[in-house]
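These protein sequence lines map, in sequence, to chains A and B.
Going by the UniProt record's numbering, the first residue of the first sequence is number 1, and it counts up by one from there.
Going by the UniProt record's numbering, the first residue of the second sequence is number 1, and it counts up by one from there.
Note that beta-carbon positions come from the ideal geometry of N, C-alpha and C, so glycine has one too.
Just so it is clear, the structure is predicted and the values come from calculations on it, not from any experiment.
See below for the structure under consideration.
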Amino acid sequence: MSASLAPECNEVKERYDNCFLKWYSEKFLRGNATTNECEPLFKQYNQCLMKALKERGIDTMIAEAREDNRENDAEHMRGSCPSSIS
Amino acid sequence: MKFFATSTEFDYSWEEVSAANWQKYGPWNEKTPHVIAVDTLSRTVDPISGILRTERLITCKQSAPQWLNSFLGGQDTSMVYETSYVDPRNKKVTMCSTNMTFSNLLSVRETCVYSPASSNPLGRTKFEQHARITALCGGWQKVKNSIEEFTVERFKQNAVKGKEGFEMVLEMSRRVFAQERELRRLQEARI
Numbered sequence: 001m002s003a004s005l006a007p008e009c010n011e012v013k014e015r016y017d018n019c020f021l022k023w024y025s026e027k028f029l030r031g032n033a034t035t036n037e038c039e040p041l042f043k044q045y046n047q048c049l050m051k052a053l054k055e056r057g058i059d060t061m062i063a064e065a066r067e068d069n070r071e072n073d074a075e076h077m078r079g080s081c082p083s084s085i086s
Numbered sequence: 001m002k003f004f005a006t007s008t009e010f011d012y013s014w015e016e017v018s019a020a021n022w023q024k025y026g027p028w029n030e031k032t033p034h035v036i037a038v039d040t041l042s043r044t045v046d047p048i049s050g051i052l053r054t055e056r057l058i059t060c061k062q063s064a065p066q067w068l069n070s071f072l073g074g075q076d077t078s079m080v081y082e083t084s085y086v087d088p089r090n091k092k093v094t095m096c097s098t099n100m101t102f103s104n105l106l107s108v109r110e111t112c113v114y115s116p117a118s119s120n121p122l123g124r125t126k127f128e129q130h131a132r133i134t135a136l137c138g139g140w141q142k143v144k145n146s147i148e149e150f151t152v153e154r155f156k157q158n159a160v161k162g163k164e165g166f167e168m169v170l171e172m173s174r175r176v177f178a179q180e181r182e183l184r185r186l187q188e189a190r191i
C-alpha cells in the first residue's frame with residue numbers, strides 16, 4: 001500500500017488499507033457490503049489525517065476541489081462520467 | 001485547451017483489476033515513483049445503487065523543466081483530488097480527478113474507466129483514460145500552448161509508466177492471492 005502524506009499516520013493507514021482491501025475483495029465485490037468492519041480503523045486514520053491536512057492548510061484546498069466536483073456527483077453516482085469529459 | 005485519450009486492455013478479470021487498482025501506487029509498482037502518497041479522505045457505499053464512492057488525495061513529486069519552473073514558483077510537489085465510483089452490479093470503476101495545486105495556472109480534468117473487455121468479459125478488462133488540459137494563465141497564447149503541450153506530453157509518458165507499473169501490481173496481486181488461497185486450503189485440510 002502507498003504511504004500517507006503525513007508520516008505520523010502511516011501505521012494506522014496501513015492497518016486500515018489492509019482491512020479495506022480484504023473487505024473489498026471478500027465482501028463488496030461479492031455483493032455483501034452491508035457491514036463494514038473497517039469503520040473503526042478508518043475513523044482513527046481519518047482523525048490523524050485531518051489533523052495533518054489542517055496543519056498544512058490543505059483542508060481548504062480540498063474543500064474547494066470538493067465544491068467543484070459536487071455538480072457532477074449526482075451523475076457519477078449513476079456510474080457515468082461528467083459530460084464535459086466523456 | 002488540449003485533450004488526451006488512450007485505452008488499453010489488461011489480461012485479468014474486472015474483479016482482479018478493480019481490487020488491484022487500490023494498490024496501484026504501492027510498493028509493487030516500481031514504475032511510478034513520482035506518486036509519493038495516496039490518502040483516503042472519505043468512503044461510502046450508496047444504499048440504493050450499491051456504488052462505492054471514495055475520495056482520495058494523491059501527492060506527486062515530479063520535477064518540471066526550467067522554463068516551466070518560473071511559472072510554478074519552483075514547487076515540485078503537486079496534489080490531485082480524485083473521486084472514484086465502483087459499481088459492482090454493472091462492473092464499472094470510474095475515477096475522476098482534478099489538480100489541486102497550480103490550479104490558478106492550469107486545469108487538468110481526467111477520467112479513467114475500468115470495465116470488462118467485450119472480447120472476453122470474464123477474463124479481460126478494458127481501461128480508458130481521457131484528460132482535458134487547459135492553461136489558465138493570462139498573457140501570451142504561446143506560453144499557454146507550451147504549458148498545455150508539456151502537460152499532454154507528461155500525461156503520455158506517465159500513462160505508459162502507469163500501465164507498466166500496474167501490470168507488475170496485477171501479477172503480484174494474483175500471486176499473493178493464490179498463495180493465501182493455498183494456505184487457507186491447507187489450514188482447512190488440517191482441521
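Inset, instruction - Tell me whether B/PHE177 sits in a helix, a strand or coil according to DSSP, three-state version. - result: Residue state, collapsed to three classes: helix.
Inset, instruction - Give the interface partners of B/GLU148 over in chain A, defined as CB-CB distance under 8 Å, in chain order. - result: Those within 8 Å of B/GLU148 in chain A number zero; the least Cβ separation is about 16 Å.
Legend entry - Bounding residues of the alpha helix (DSSP H) (the contiguous stretch that carries B/LYS92): Residue range 92-99 is occupied by the beta strand (DSSP E) that includes B/LYS92, with no alpha helix (DSSP H) assigned at that position.
Legend entry - Three CB pairs or more closer than 8 Å across the region 2-19 of chain B and the region 119-129 of chain B: With a cut-off of 8 Å, the region 119-129 of chain B and the region 2-19 of chain B count as touching, because enough Cβ pairs lie within range.
Inset, instruction - Starting from B/GLN129, follow the beta strand (DSSP E) in both directions and report where the run begins and ends. - result: Residues 125-135.
Legend entry - Classification of B/CYS112 by the beta-carbon crowding that lies within 10 angstroms, buried from 16 upward: Under this definition B/CYS112 is a buried residue.
Inset, instruction - Flag this pair as yes or no: are the beta carbons of B/SER70 and B/GLU82 separated by less than 7 Å? - result: For B/SER70 and B/GLU82, no; Cβs fall outside 7 Å.
Inset, instruction - Kindly say whether A/LEU49, judged by its beta-carbon, lies nearer than 7 Å to any beta-carbon of chain B. - result: So yes, A/LEU49 belongs to the interface.
Inset, instruction - Please check if any C-beta of chain A sits within less than 7 Å of the C-beta of B/TRP14. - result: So no, B/TRP14 is outside the interface.
Inset, instruction - Determine the chain B residues that contact A/GLY31 at a beta-carbon separation under 9 Å, and present them in chain order. - result: For the C-beta of A/GLY31, the chain B residues within less than 9 Å are, from N- to C-terminus, GLY50, PRO88 and ARG89.
Inset, instruction - Please classify A/CYS19: does DSSP put it in a helix, a strand, or coil? - result: For A/CYS19, the three-state secondary structure derived from DSSP is helix.
Inset, instruction - Determine the direct distance from the alpha carbon of B/GLU149 to that of A/GLU64, and round the result to whole angstroms. - result: Their backbone Cα atoms lie some 26 Å apart in a straight line.
Legend entry - Reference A/GLU75; option with closest CA among B/ARG89, B/GLY73, B/THR6 and B/ILE51: For A/GLU75, the closest C-alpha among the options B/ARG89, B/GLY73, B/THR6 and B/ILE51 is that of B/ILE51.
Legend entry - Cβ pair count under 8 Å reaching 3, the region 35-55 of chain B against the region 168-180 of chain B: Output reads no: the region 168-180 of chain B does not touch the region 35-55 of chain B.
Legend entry - Cutoff 7 Å; reference A/CYS38; Cβ partners in own chain excluding five residues on either side: Annotation for A/CYS38: TYR16, CYS19, PHE20 and TRP23 place their beta carbon closer than 7 Å to its own, counting only its chain and skipping 5 residues before and after.
Inset, instruction - Can you check DSSP and say which residues form a bridge with B/VAL169? - result: Beta-bridge pairing links B/VAL169 to no other residue.
Legend entry - Helix, strand or coil at B/PHE4 according to DSSP, with G and I counted as helix: DSSP places B/PHE4 in strand when its eight states are reduced to three.
Inset, instruction - At 9 Å on the CB atoms, spell out the chain B contacts of A/LEU41, in chain order. - result: The contacting residues do not exist; A/LEU41 stays about 11 Å from chain B at best.
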